[in-house]
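Asker:
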Amino acid sequence: MKIIYSWLSDFIENPPSPEDLAAKLGRVGLKVEEIKRTGASFSGVCVGEILKIDKHPNADKLALVDVSDGAGTMRVVCGAKNIAVGQKIPFAKAGAMLSGGELKKAKIRGVESEGMICSASELGLEGYDNTGILVLPETAAPGADAITLFPKADCTLEVEMLPNQSHCLSHYALARELSVFYGLKLSEPEVFSADVSGSSVPVNINVPDLCLRYAAIVIKGVRGARTPDWMADRLRAMGSNPKGNILIDGSNYVMYELGQPTHCFDISKLSGPKIMVRRALTGEMLKTLDGQPLKLDAGMLVIADASKPVALAGVMGGADTAVSDDTDAILIESARFHPPTVRLASKSTGIKSESSYRFERGTDPELTMKAARRLTELIVASVPGAKVEQVTDNYPVAYERPVVEVDPARVNAILGTGIADGEIYACLKAFQPELKDSKPWKFTVPSYRQDIESVWDASEEIARYIGYDVIPAASQMPMLPSSATPQWAVGIEAKNLLAGLGFSEVYNYDFVSARELKACGLEAGGAVEVKNPLSSDYQYMRQSLLPGLLKTLSYNLNRGRESVVIFESGTVYFKKDGGKAEEVHCAGLMSGEFPEGGSWKSGHGSADFYHLKGMMNRLFAGKGGFRFEAPRKAPSYFQPGLCLEMKLGGNSAGFVGKLGSGVAAAFDFKDNNIFYFEIPLSCMAAAWKPEFWQKIAKIKPVSSFPQNWRDLSVVLEEKYDWAELERSFSGVQDLASARLIDVYKGKNIPEGSRSLTVRFTFSSTEKTLNDAEVGARMTAVMDKLTRNFNARLRS
Amino acid sequence: MNATEWKEKLSAIRDSFSVSINNVQTENPEAIELRFLGRKGELALLLRDLKDIPIEERKALGALGNTAKEEMMVRLGALKGVPASAGPAAKPNLDLTLPGWPFPKGTLHPLTVTLNRMTECFAKLGFSVAEGPLIEEDYFNFEALNFPPFHPARDMQDTFYVDVKDASGKDMLLRTHTSPVQIRTMKNQEPPIRIISPGRVFRSEAVDASHSFAFHQIEGLYVDKNVSMADLKWTLEEFMKDLFGSSAKVRFMPSYFPFVEPGAEVEVSCVFCRGKADGPRCPVCKGTGWIELLGAGVVHPNVLKACNYDPAKWSGFAFGAGIERFAMLLFGISDMRMLYENDLRILKQVQ
């Protein structure tokens, strides 16, 4: 909210400087975001007239100018290009105070200058053409003080307003804050104070729970009421656009001044004339001031005349009963409406106004009549023939100020302070001067502070009053053990492992487009949809981390990267049983050169399925019951036949494989050598052991006898896969490991077959195996291979 | 010759080598080299004698002899003004300056690094991690947190809604803050409760250098008997010291969040300029000496009541911070969009 310094100063005696003011407001939680100086603050500058222009004898770009200040003629040196004989200009003599400081006499290139013709910036003026000297209006009288031609020096403060600061939404209200917190003396605005008992326009409140109070003042003879310049200037400084009619401008002025929105009806256009505050009837229409036809419903509160709604209460007035330059008789409305009702109406009609902003935050019920009288005063003062005919205060049930019991011990317990009782009492007294000093204090909350309801609220006021620094950083909190959820713990573990394996972590948004879902072969039907997305790019909640990772891949390939090894951990969303389900997944992909940059030792290679499979082994190392399986149903984004399902303790632990060519094509990749995994972290969380001692695998003793090994190369048909062979070795006596060390196809191997070389390592805990014993065990191995797989020794 | 005699002889050769080296003005370096290290030099002859020594001792003695030889060569080299590594025996067979094997370097995202570090800091202060859903009910995200329906405080958080309804028939929403985890935890647990809840949140805002429609927060909640603003300030000051160094100070300024009362905005003393007024204006704290980092306060009695806690018996504090802001400070990032662009040239810089 904008605050004009001079306006605020109308209500406090001896106001502090703008900077001090900003500091004082900031200390109590009203953050001043900007202080902007406006108007003129120079001195010693008069209107001058240019009589003659000569060349400077020693400088091409300078001129010698004769200037009249009304009394005499002076010669000055000037470098501006836009000077002309006859111009009226701001002329500063030695001693003048300008934006750069005091002006001193100077010799410029050997010629004495008796003053200076000023530009706007030299005068410290904002918003004027600054390309040369500032040219004044023809009508300006030489010798007159130039400052009279400009708005007075002032300041605009931009104050950030929080939703609970409804008591600060005006100049008067901020002055009141300063008076409460800093003891500055508050001045009251001038109001029309006479009581007038006429009742030409009856006012009825049908729904007192939605309209606590309705003050109405009828004024006649207001035709031709113009807005005075000082008021228009202030409204302009507020960023409002004055209309020139005080019936409209005055209403805005009072709102900025006191915080109470008001409205003027043209009585000649009111049917009856009468005023009724009631709920709208469903289907009723209202054309608002901005010309929009609104369809009303029973949830809305309206002001109606004898036949129709004339205003949507607290939000906007109707066009048909609005004042115009021809209006002669008006009814000023100043009311207190139910905040949620105003907010609901503002939301459902989409109309946000300065008025609804204040009403939905809650206005002061004790302010309504004061604001109506203030507006009356402003109108009557500027329209000589105006006559007040009726002052009505409809206030069926008077607002009862809540009483909060304040026990100083409780305040100190909430704040963690040791503030003396006297200090707490002094603070409460600043709000409520008549507060009696008997504990616990019965603090009667001012009507403008409807946010104070409890001792917690009062404690905040006390801390603001004394200063938040009164709260020490001190604690005797007891110790408590710290723990993490399994999902959090395994998430960190997985991230650290993947980063250790060379994956870089990325963060993508949770939103995807229909096109991206489709490109990944995912169904939009099962996806949670955002009802109010920022754009169609962000319409659905991701069901898989794949779209984001592919976008990241694309982004980096487009920037010339040749190797992308990335992962992400994040939430995925599904529709489920009429509701939603969320899972945290961890997914990653490898594409391009691997290892990145290659090596002079081994040349350059590309990432492939076995790299990623090996990484999965590392990721799940030590987690019992991990294995790969042929998937019963692989996600559709994998290339058929190039995907394995992972299992952990019998549960699915996600999939690993090569992406399908359709997915790659949809994202414009040149090939589908993209290897991808996606794992639900819940599988790891289920296997996670919270106790450290349980997580530690017990160390097994090793044999004290040397081990032996033999390599065996066999040729067998390709239909037999390695996992089957490996499983068949179980049961071979003393076999410690069977490690595949070579796979060969080609020369000397029949078509459809391959050669596998396996290193068998034997170890006994009882003795050193001799050649014959090892040979016997190898025979058993070969028997199994021959019998089960029709394998033969490679010659 | 036995091993002991051999060693004594080696020692004697080394001594006389030292004497020669020290008298280099009178002796010529080439002559010294010939005398000790030449093909028929004293050391070469001694090494040849090793053949008479039993095999099990020979190896160790040989190593001693070779070490002595290398030492002598280095000292002679230095004398001749030749760098040690260029000496004939120091010349390696391999170019050790060739690149090592490219073990791939992976990185954690700056937000993960920041989040993990913050979580660790709070774990030391006895805070446990709690988590909650990202698609939330209006009740947990707003109502139970003292944002009544039609309250203007709801304008502080522009909300995304999804096409799923909760049990009461209201549209579910993407949580706008991590605070609903406060409610979920209090409804499931008895005090004392001391939790943090890190995670992702969403607000319908245009993306710019300091805003994103998806970002991260860390929530803190402590509920027990006799919990005060002073406990809160101590906790946050300890946390800030852990993160920004022991000189970090915390300042509270009045502020408003519906679920706390009194409420405070928490600022930390600027560790980047240490609040020095002289010199160029600090770009981080804008010369104020303080950086705004958190919102905090005493748990509002309405929140306790919503969780069936008696506000006369229990009290608590809560705080919340944006992770992005911390990450940007710690990593020196000035544009939040950088955190979601996933440019590996950026991410690979994380140490």
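Just so you know, the sequences run in chain order A and B.
Residue numbering for the first sequence follows my numbering, starting at 1 and increasing by one per position.
Residue numbering for the second sequence follows my numbering, starting at 796 and increasing by one per position.
Every residue, glycine too, gets a C-beta built ideally from N, C-alpha and C.
(1) F42/A: which of F511/A, A322/A and M97/A sits nearest, CA to CA?
(2) Do V702/A and S753/A have their beta-carbon atoms positioned less than 7 angstroms apart in this structure?
(3) Return the chain-ordered list of same chain residues with a C-beta closer than 7 angstroms to the C-beta of T768/A, the five sequence neighbours on each side being excluded.
(4) What's the C-alpha gap between A881/B and L871/B?
(5) Around the Cβ of L488/A, are there at least 16 other Cβ atoms within 10 angstroms (buried) or fewer (exposed)?
(6) Cutting at 7 angstroms between CB atoms, please list the residues of its own chain near D145/A, excluding the five before and the five after it.
(7) Cβ of F1126/B less than 7 angstroms from any chain A Cβ?
(8) To which residues of the same chain is A879/B closer than 8 angstroms at the C-beta, ignoring the five residues directly before and after it?
(9) Which residue comes first and which comes last in the beta strand (DSSP E) that contains I53/A?
(10) How far does the alpha helix (DSSP H) with H263/A in it reach, from first residue to last?
(11) Return the first residue and the last residue of the alpha helix (DSSP H) that P18/A is part of.
(12) Nearest by alpha-carbon distance to A519/A: which of T376/A, F669/A and A426/A is it?
(13) Strictly below 9 angstroms CB to CB, what residues from chain A border I850/B?
(14) Among F955/B, S974/B and M1024/B, which residue has its Cα nearest to the Cα of M967/B?
(15) Find the residues of chain B that neighbour V506/A, judging by a C-beta separation of less than 8 angstroms, and give them in chain order.
(16) CA-CA distance, T349/A and A1043/B?
(17) Determine the chain D residues that contact V957/B at a beta-carbon separation under 8 angstroms, and present them in chain order.
(18) I'd like to know whether the C-beta of A918/B is nearer than 7 angstroms to at least one C-beta of chain A.
(19) Is there a Cβ of chain B sitting closer than 7 angstroms to that of N164/A, yes or no?
(20) Considering only DSSP beta bridges, list what T392/A is partnered with.
(21) Apart from the five residues just before and just after Y465/A, which ones in its own chain have a Cβ nearer than 7 angstroms to its Cβ?
(22) When the Cα of G1040/B is compared with those of Y1017/B, N1103/B, V1066/B and M1131/B, which residue comes out closest?
(23) Identify every residue that forms a DSSP beta bridge with Y744/A.
(24) Relative to the alpha-carbon of A313/A, which residue among D20/A, R627/A and I205/A has its alpha-carbon at the smallest distance?
(25) Any beta carbon of chain A sitting closer than 7 angstroms to that of A879/B?
(26) If you measure beta-carbon to beta-carbon, which residues of the stretch 472–485 of chain A are closer than 9 angstroms to chain B?
(27) Within the same chain, show all residues whose beta-carbon is closer than 7 angstroms to that of A175/A, passing over the 5 residues directly before and after it, in chain order.
(28) State the start and end residues of the unbroken beta strand (DSSP E) segment that holds L534/A.
(29) Of all the residues that make up the stretch 253–265 of chain A, which are near chain B by a beta-carbon distance shorter than 9 angstroms?
(30) Please name the residue, chosen from A140/A, G101/A and N394/A, that lies closest to G124/A on a Cα-to-Cα basis.
(31) DSSP three-state call for N911/B: helix, strand or coil?
(32) Is the distance from the Cβ of E568/A to the Cβ of P680/A below 7 angstroms?
(33) Suppose the cutoff is 7 angstroms on Cβ atoms and the five residues either side in sequence are ignored; what does the same chain contact list for A736/A look like?
(34) Suppose you measure from the CA of Q292/A to the CA of A386/A; what does that come to, to the nearest Å?
(35) For a contact defined as C-beta to C-beta under 7 angstroms, what are the partners of M981/B on chain A?
Answerer: Taking the coordinates as given:
(1) Nearest C-alpha to F42/A: M97/A.
(2) No.
(3) Counting only Cβ-Cβ distances below 7 angstroms, and skipping sequence neighbours, we find F705 and P706.
(4) Unreliable placement is indicated for A881/B, whose pLDDT of 47 sits below 50; the coordinate value is still reported in the next sentence. Looking at the two C-alpha atoms, the distance is approximately 12 angstroms.
(5) Reading the sequence as shown, one finds Trp at residue 488/A and not Leu. Around the beta carbon of W488/A, 16 or more other beta carbons lie within 10 angstroms, which makes this residue buried.
(6) Setting aside the 5 residues that flank it on each side, D145/A is surrounded in the same chain by C46, each with a C-beta closer than 7 angstroms to its C-beta; the list follows chain order.
(7) Chain A contact via Cβ: absent.
(8) Low per-residue confidence applies at A879/B: pLDDT is 48, beneath 50, and the placement is therefore not dependable, though the value from the model is reported in the following sentence. For A879/B, where only same-chain residues beyond five positions count, the Cβ hits under 8 angstroms are V869, G872, A873 and A885.
(9) Per DSSP, the continuous beta strand (DSSP E) segment holding I53/A begins and ends at S43 to K55.
(10) No alpha helix (DSSP H) holds H263/A; the beta strand (DSSP E) holding it covers H263 to D266.
(11) Counting along the chain, the alpha helix (DSSP H) containing P18/A begins and ends at P18 to R27.
(12) Checking every option, the nearest Cα to that of A519/A belongs to F669/A.
(13) Residues of chain A whose Cβ lies closer than 9 angstroms to the Cβ of I850/B do not exist, since the nearest Cβ in that chain is about 23 angstroms away.
(14) Closest option to M967/B, Cα to Cα, is F955/B.
(15) H904, N1137 and L1142, listed in chain order.
(16) Straight-line measurement puts the Cα of A1043/B at about 49 angstroms from the Cα of T349/A.
(17) Given the protein chain composition of this structure (A and B), no chain D is represented.
(18) By this cut-off, A918/B is an interface position.
(19) Residue contact check for N164/A against chain B: a CB pair falls below 7 angstroms.
(20) Beta-bridge partners assigned by DSSP to T392/A: A216/A.
(21) For Y465/A, where only same-chain residues beyond five positions count, the Cβ hits under 7 angstroms are F181, C427 and A430.
(22) Answer by Cα proximity: V1066/B.
(23) DSSP output for Y744/A lists S755/A as bridge partner(s).
(24) Residue I205/A is the option with its Cα nearest to A313/A.
(25) Any reading at A879/B must be qualified, since the residue scores a pLDDT of 48, below 50, and its modelled position is unreliable; no value is offered.
(26) Those residues of the stretch 472–485 of chain A that come within reach of chain B (Cβ to Cβ, closer than 9 angstroms) are P472, A473, A474, S475, Q476, M477, P478, M479, L480, P481, S482, S483, A484 and T485.
(27) Counting only Cβ-Cβ distances below 7 angstroms, and skipping sequence neighbours, we find L8, F11, I12 and L186.
(28) Counting along the chain, L534/A falls outside any beta strand (DSSP E), and DSSP gives it neither H nor E.
(29) Residues: none.
(30) The shortest C-alpha separation from G124/A is found at G101/A.
(31) In the three-state reduction of the DSSP assignment, N911/B falls in the helix class, which pools H, G and I.
(32) At a Cβ-Cβ threshold of 7 angstroms, E568/A and P680/A do not count as neighbours.
(33) These residues qualify, in order along the chain: Q707, T761, F762 and S763.
(34) If you take the alpha carbons of Q292/A and A386/A, they lie about 32 angstroms apart.
(35) Per Cβ cutoff of 7 angstroms: no residues; M981/B is ~15 angstroms from chain A at best.
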